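Colleague:
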Amino acid sequence: MEKVTTTCPWCGCGCGLYLHVENNLITGVSPNRSHPVNHGTLCVKGWNCHEFVQHPDRLTTPIIKDGRATYRRASWEEALGVTAARLAEIRQQYGPDAIGILGSAKCTNEDNFVLMKFARAVIGTNNIDHCARLCHSSTVGGLAAAFGSGAMTNSIDEIRDARVIFVIGSNTTEQHPMIGMHMLEAKDRGAILIVADPRRTQIAQFSHLHMRHKSGTDVALLNAMMNVIITEGLVDLSFIRQRTENFDDFENRVKLYTPETAEQITSVPANDIRKAARIYASEKRSMLFYSMGITQHITGVDNVRSCANLVMLTAHIGQPMTGLNPLRGQNNVQGACDVGALPDVYSGYQKVADPAARKKFELAWSRPMPEKPGLTLTEMIDGIHEGKIRALYIMGENPVVSDPDAAHVKEALACLEFLAVQDIFLSDTAEYAHVILPATTFAEKDGTFTNTERRVQKIRKAVPPAGDSKPDYEIICNLSKLMGYPMDYRAAHEIMEEIALLTPSYGGILHHRLDANFGLQWPCFGMDHPGTPYLHRKKFTRGMGAFIPVEFIPPAEPTDSEYPYILTTGRSYFHYHTGTMCRRTVTLEREEPECTVEINPADAKRLEIRANEPVRLKSRRGSIEVKARVTGTVPEGIVFIPFHFREAAANLLTINAVDPNAKIPEFKVCAVAVEPVRRKPGTRQSPPLSYYEGMRIGLDLYIPPEEMLPKT
Amino acid sequence: MPAMYILNKNHLSFWLRKLKTTHQLIAPMRDVSGDIVLTELPRMHETALDGPALMPSPKEFLQPQMEQLFCYSREGIEEAINKQSRVLFGIRSCDLSAIRILDLFYLGKNKDVYYETRRARTVLVSIACNQPDPTCFCLGLGTGPFLKSGFDLQFTDLGDRFLVDAGSETGTALVEGFPHIFTEPTQSDKEDLYEARLASQSRFEKRVNLDQVHKRIKAGSVSDSFWESVAVRCFECGGCVYNCPVCTCFNVIDRPEAVDSGKRIRIWDTCMFKGFTRMAGGVVPAEAKIIRTKRWFHHKLVHWPAQFGTFGCVGCGRCAVSCPGKIDMATVALRIKGTDQMEEGR
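Chains as they are written, first to last, in my numbering: chain A, 137 to 848; chain B, 320 to 665.
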């Protein structure tokens with residue numbers, strides 16, 4: 137038995153763990169005791185992360201789709217040959233900008249960097265994006281404008297020494313359990329915990345003050361808090377004078393938001409807002425955390441700016457145990473952004489529009505770089521409908537389940553001229569693909585993940601790849617070679633070398649430095665740089681911190697008499713995103729085998745819905761049938777659904793209204809109608825299909841093993 | 320009276336290397352990240368015996384987290400029984416006590432052939448604890464830090480040498496072939512041993528009396544509101560059960576690989592999960608977290624003693640490390656006892 141130390145593949149905490157390997161089979165997982173994030177603990181997903189790696193459903197050979205629905209296994213030569221030829225053809229016919237590329241926050245930094253290079257140097261387009269668009273693009277944009285750097289400013293290990301912890305729009309104990317653990321520890325050590333969330337989550341149950349504001353009214357709430365801080369003189373004037381700009385404009389705007397006005401908008405009692413503001417502002421060591429509850433709105437960027445204003449107003453930044461801390465949802469969503477899988481920046485957020493940056497990459501890659509920033513993920517889907525995008529290359533993403541307004545996405549993918557999907561399982565998106573390429577999981581390749589606190593950590597190969605699957609970067613390198621641009625990386629660490637060379641903030645991050653002390657936190661400028669535990673120490677990255685006045689804008693789709701409930705979507709503790717991995721993990725799938733909708737007892741009573749009965753949810757875009765979970769977790773007038781379940785996809789209901797700056801869709805608010813589904817007494821519902829059965833029967837995605845195929 | 324030997328520390332690697340020729344040698348080793356893990360030892364001099372309790376417990380070598388039971392196909396069933404002979408070197412006294420409790424469960428009335436085969440081929444060499452962790456509380460339970468029986472060999476660190484107790488014939492056989500390194504202990508060695516035992520007992524930071532807790536629970540004086548305050552801190556990670564050297568929950572699942580063939584595997588499971596009690600009709604009797612949390616403590620503190628005459632806890636303190644909500648056995652037991660004293664004080 138061997139134990140391979142690696143990094144957890146689920147959320148952005150980036151816990152350290154061991155994979156237990158015996159005779160090339162993964163037999164278990166155990167936590168790393170000295171890791172600065174998890175200290176010997178793991179959440180339920182971490183404890184079960186070994187199971188999907190060697191699942192029989194893994195893709196083991198490339199698959200080519202002939203005609204409408206016949207799949208056949210193919211060799212790598214053939215599959216890559218077809219892909220290269222089709223991409224070249226489409227580029228020839230419609231120009232490089234007719235091709236869109238999607239990277240993945242589940243893949244390593246190296247994979248995403250190579251894909252980014254493939255898009256820009258080989259295809260010649262900036263149309264590259266990934267699912268950070270759907271979670272934290274508003275953070276990247278909003279904080280870049282305010283501070284100059286869109287990442288968590290402080291470190292996870294500092295949390296337990298904080299005095300005040302303010303969590304807004306984050307279900308921390310369930311979505312970032314190990315960060316939740318640190319918060320609970322801080323609370324045990326005397327810290328005050330304030331939570332702003334419409335739902336009464338576990339972290340809200342721990343809190344000293346829980347503000348249940350209406351979904352989508354974060355700006356009003358934060359502005360009112362700042363109003364209190366200013367009127368009661370709790371601001372740090374010397375900090376504002378020395379390190380920030382544009383305070384006067386901002387002050388004038390915020391003056392309009394008295395706690396009483398905010399009470400009208402948010403339905404949080406004015407006195408609670410005052411209390412929260414006083415507690416947050418009067419302690420020196422106050423940390424502010426936020427997550428999807430802030431970002432996934434049409435006002436996502438505004439929400440983020442408000443948070444930034446709040447920390448600058450009270451000088452809770454640039455010191456340990458303070459800061460503005462966006463919690464990133466996926467294991468490597470920070471890294472995928474850092475290495476430039478975004479349409480407007482190269483690695484290290486060097487702007488595509490900047491001629492100097494373009495020149496640098498042109499010299500390094502000896503190809504002309506496209507000037508115009510590319511399309512975002514949400515724009516690409518619309519672009520397909522408009523005929524701007526003709527082909528998509530998707531690495532490890534599942535937009536059919538993860539993107540808003542699923543029907544719209546499916547229609548788009550169906551009318552593509554060419555779609556290549558590179559994944560570990562046959563996802564719902566792969567159903568629309570012309571070529572499917574098998575990739576390896578985190579346990580079968582080397583590379584690095586960057587967690588939410590900017591810690592670049594290694595993952596290590598523990599077992600040989602399943603079947604003929606290959607690491608993502610290798611697939612792209614081979615494809616690139618066929619398209620006339622050889623990229624000869626012999627191993628992942630050579631790619632990291634190139635990243636370090638071209639990216640100032642990753643300048644000193646090389647694989648051999650990451651073994652000791654669980655990696656390095658960027659910015660790390662050189663080989664002797666020890667990494668940066670907290671940002672903006674004496675100076676903001678952009679120089680002066682910018683106060684940006686923000687006005688409250690209501691959500692895109694208000695409720696009305698026809699659709700009287702607010703639907704908010706999110707994650708469940710036991711599942712993860714589109715469910716391709718966790719729903720193949722027995723323990724996780726058993727905990728929550730089906731989608732449920734959380735509904736307040738008062739609403740349930742009014743609608744005559746009983747617990748565990750099926751209900752139908754309808755929005756202007758679609759309808760789904762799910763089981764009711766009658767609970768006080770949600771307030772009256774709001775219903776909540778997790779989005780992991782393909783058979784009851786919450787995203788059939790969501791609206792694809794986006795933030796004008798970050799193009800992030802409003803997953804958190806849309807209007808729905810709820811009605812009970814009455815079945816005739818005595819007609820028993822057939823048991824729901826298991827995931828595998830659904831995969832095989834419902835979607836016709838089952839591929840018989842080699843020997844059962846008709847001989848040709 | 321077990322036979323005793325003295326082994327100079329310099330000779331340990333030599334002996335381990337000899338052991339490795341006949342057995343798979345599992346021993347604690349310092350990993351690249353600085354953690355000490357129980358793994359197959361590649362180089363003998365890398366044994367690290369000074370670390371805290373190993374995570375997960377050595378249970379994983381007798382009941383692996385994921386284990387294949389058999390493959391099935393049209394030809395029939397092919398059982399996958401692990402027949403490797405192993406030495407578990409450097410496990411703790413509490414782990415040994417735990418394995419004896421596992422034996423009660425797996426080798427009782429209904430024998431588990433997979434466990435039995437593994438267990439019969441595993442030699443247990445323990446290290447008595449001179450340096451208990453801050454989380455350890457085996458002293459009050461009699462499951463450590465030094466044992467009188469149950470081991471094949473027990474090593475006690477006496478500074479520059481080990482005092483080795485042989486507790487079984489298997490153990491004696493492993494040392495008898497090397498009379499030149501396993502020598503007779505002198506009177507002063509035995510005095511040093513006595514001193515080491517006393518010193519170790521004084522190093523325990525936690526004193527937990529589970530008997531009192533057991534009595535209080537039996538008397539019904541631990542209220543549901545207390546359990547509610549415990550349950551609210553549960554993160555439902557399952558770490559307490561996965562890491563526990565005594566817990567035995569498992570789940571059996573089939574993994575079809577084709578239409579007519581596949582595997583049956585067994586994986587660790589946790590009574591802390593609500594799916595653990597889900598019935599065929601979809602009803603979950605233990606839906607509320609409080610029921611599940613309470614049940615785990617009750618099982619260990621009330622039901623185990625009734626069934627096997629021993630607590631389902633050996634005081635290894637692993638749950639204290641792996642619980643994100645810090646509602647481990649020692650903390651909860653001390654809180655129950657604390658309420659006791661508070662009420663007596665009134």
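We put the beta carbon where it would ideally sit given N, CA and C, even for glycine. Small disclaimer: the values here were computed from a predicted structure and weren't measured.
Please tell me whether A220 (chain A) and A542 (chain A) are closer than 7 Å, where the distance is taken between their beta carbons.
Modeller: no
Colleague: Taking Cβ positions only, does C635 (chain B) come closer than 7 Å to chain A?
Modeller: no
Colleague: What's the gap between the Cα of M361 (chain A) and the Cα of T732 (chain A)?
Modeller: Each residue's alpha carbon lies about 35 Å from the other.
Colleague: Buried or exposed for K525 (chain B), please, with buried defined as at least 16 other CB atoms from any protein chain shown within 10 angstroms of its CB.
Modeller: Buried is the call here.
Colleague: Tell me which same chain residues have a C-beta within less than 7 Å of the C-beta of K322 (chain B), skipping the five on either side of it?
Modeller: Sequence inspection shows Ala at residue 322 (chain B); the Lys mentioned does not correspond to that position. A485, T491, listed in sequence order.
Colleague: Spatial neighbours of K597 (chain A) within its chain, please: CB distance less than 7 Å, with the 5 preceding and 5 following residues excluded, ordered by chain position.
Modeller: E580, K581, D582
Colleague: Any Cβ of chain A within less than 7 Å of the Cβ of P347 (chain B)?
Modeller: False, the Cβ-Cβ gap to chain A never drops below 7 Å.
Colleague: Looking at chain A, is there any beta carbon in it that lies within less than 7 Å of the beta carbon of Q626 (chain B)?
Modeller: no
Colleague: Tell me, please, whether the CB atom of V442 (chain B) is closer than 7 Å to any CB atom in chain A?
Modeller: no
Colleague: Out of curiosity, what's the CA-to-CA distance linking Y827 (chain A) and V258 (chain A)?
Modeller: With a pLDDT of only 49 at Y827 (chain A), under the threshold of 50, the placement of this residue in the model should not be trusted; the figure read from the coordinates follows. The straight-line gap from Cα to Cα measures roughly 38 Å.
Colleague: What's the gap between the Cα of G631 (chain B) and the Cα of C553 (chain B)?
Modeller: Cα-Cα distance, rounded: 20 Å.
Colleague: So, under 8 Å CB-CB, M385 (chain B) and I586 (chain B) are touching, yes? Tell me the CB distance rounded to an integer number of Å.
Modeller: A Cβ-Cβ separation of about 5 Å places M385 (chain B) in contact with I586 (chain B) under the 8 Å criterion.
Colleague: Using the three-state DSSP reduction, which class does L153 (chain A) fall into: helix, strand or coil?
Modeller: strand
Colleague: Spatial neighbours of T196 (chain A) within its chain, please: C-beta separation below 7 Å, excluding the five flanking residues on both sides.
Modeller: Excluding residues within five positions, the ones whose Cβ falls inside 7 Å are P574, A602, G603, D604, S605.
Colleague: Taking all protein chains shown into account, do 16 or more other C-beta atoms lie within 10 angstroms of the C-beta of Q593 (chain A), making it buried, or fewer, making it exposed?
Modeller: buried
Colleague: I need the boundaries of the alpha helix (DSSP H) containing Q520 (chain B), first residue and last residue.
Modeller: 506-521
Colleague: Would a C-beta distance cut-off of 7 Å place A356 (chain A) and F676 (chain A) closer than the cut-off?
Modeller: The answer is no: Cβ separation not under 7 Å.
Colleague: Using 6 Å as the cut-off, classify the Cβ of M314 (chain A) as near or not near the heavy atoms of the ligand SAM, replying yes or no.
Modeller: The ligand SAM is not among the ligands present in this structure, which contains no ligands whatsoever.
Colleague: Please decide whether Y827 (chain A) counts as near chain B, where near means a Cβ-Cβ distance under 7 Å.
Modeller: Confidence at Y827 (chain A) is low in this model, with a pLDDT of 49, below 50, so its placement is unreliable and no value can be given for it.
Colleague: For S548 (chain B), name the three-state secondary structure that DSSP assigns.
Modeller: helix
Colleague: Under 7 Å, do T275 (chain A) and G260 (chain A) count as touching if we go by C-beta distance?
Modeller: Not in contact: T275 (chain A) and G260 (chain A) (Cβ atoms no closer than 7 Å).
Colleague: I want to see whether chain A comes within less than 7 Å of K608 (chain B), judged by CB atoms only; does it?
Modeller: no
Colleague: Run through the DSSP bridge pairs and tell me what Y426 (chain A) is partnered with.
Modeller: A:I304, A:P462
Colleague: So, at 7 Å on beta carbons, what are the nonlocal neighbours of V218 (chain A) in its own chain, with the 5 sequence-adjacent residues on each side left out?
Modeller: For V218 (chain A), where only same-chain residues beyond five positions count, the Cβ hits under 7 Å are I200, V571.
Colleague: Between A:D293, A:D193, A:H346, which lies nearest to V707 (chain B) when the distance is taken from Cα to Cα?
Modeller: Only positions 320 to 665 of chain B appear in this structure, which leaves residue 707 (chain B) out of reach.
Colleague: Listed from N- to C-terminal order along the chain, which residues in the stretch 140-170 of chain A have their beta-carbon within a distance smaller than 9 Å of any beta-carbon of chain B?
Modeller: T141, G152, Y154, H156, E158, L161, I162, T163, G164, V165, S166, P167, N168, R169, S170
Colleague: Taking 7 Å as the CB-CB cut-off, is V180 (chain A) touching chain B?
Modeller: yes
Colleague: Mind pulling the chain A residues with CB within less than 7 Å of M374 (chain B)?
Modeller: S166, P167, R169, G176
Colleague: Give a yes or no on whether 7 Å exceeds the smallest Cβ distance from I572 (chain B) to chain A.
Modeller: yes
Colleague: Is it buried or exposed, E693 (chain A), if we count other Cβ atoms within 10 angstroms and call 16 or more buried?
Modeller: buried
Colleague: Just the chain B side, please: which residues come within less than 8 Å of E709 (chain A) by C-beta, in chain order?
Modeller: For the sequence presented, residue 709 (chain A) should be read as Tyr rather than Glu. The answer, in chain order, is E555.
Colleague: Going along chain A, which residues have a C-beta under 7 Å from E352 (chain B)?
Modeller: Note that residue 352 (chain B) is Ser in the sequence shown here, rather than Glu. Within 7 Å Cβ-Cβ: T141, G152, N168, S170, F654.
Colleague: Are the CB atoms of N248 (chain A) and C569 (chain A) within a distance shorter than 7 Å?
Modeller: Note that residue 569 (chain A) is Ala in the sequence shown, not Cys. The answer is no: Cβ separation not under 7 Å.
Colleague: What does L576 (chain B) reach in chain A if we use C-beta pairs closer than 7 Å?
Modeller: Note on identity: in this sequence residue 576 (chain B) is Glu, with Leu being the wrong assignment. Those within 7 Å of E576 (chain B) in chain A are P192.
Colleague: So V532 (chain B) and K656 (chain B) are supposed to be a Cβ contact under 8 Å. How far apart are they, rounded?
Modeller: 6 Å
Colleague: Can you pull the chain B residues whose beta carbon is under 8 Å from the beta carbon of W183 (chain A), in chain order?
Modeller: Per Cβ cutoff of 8 Å: C556, G557, G558, Y561.
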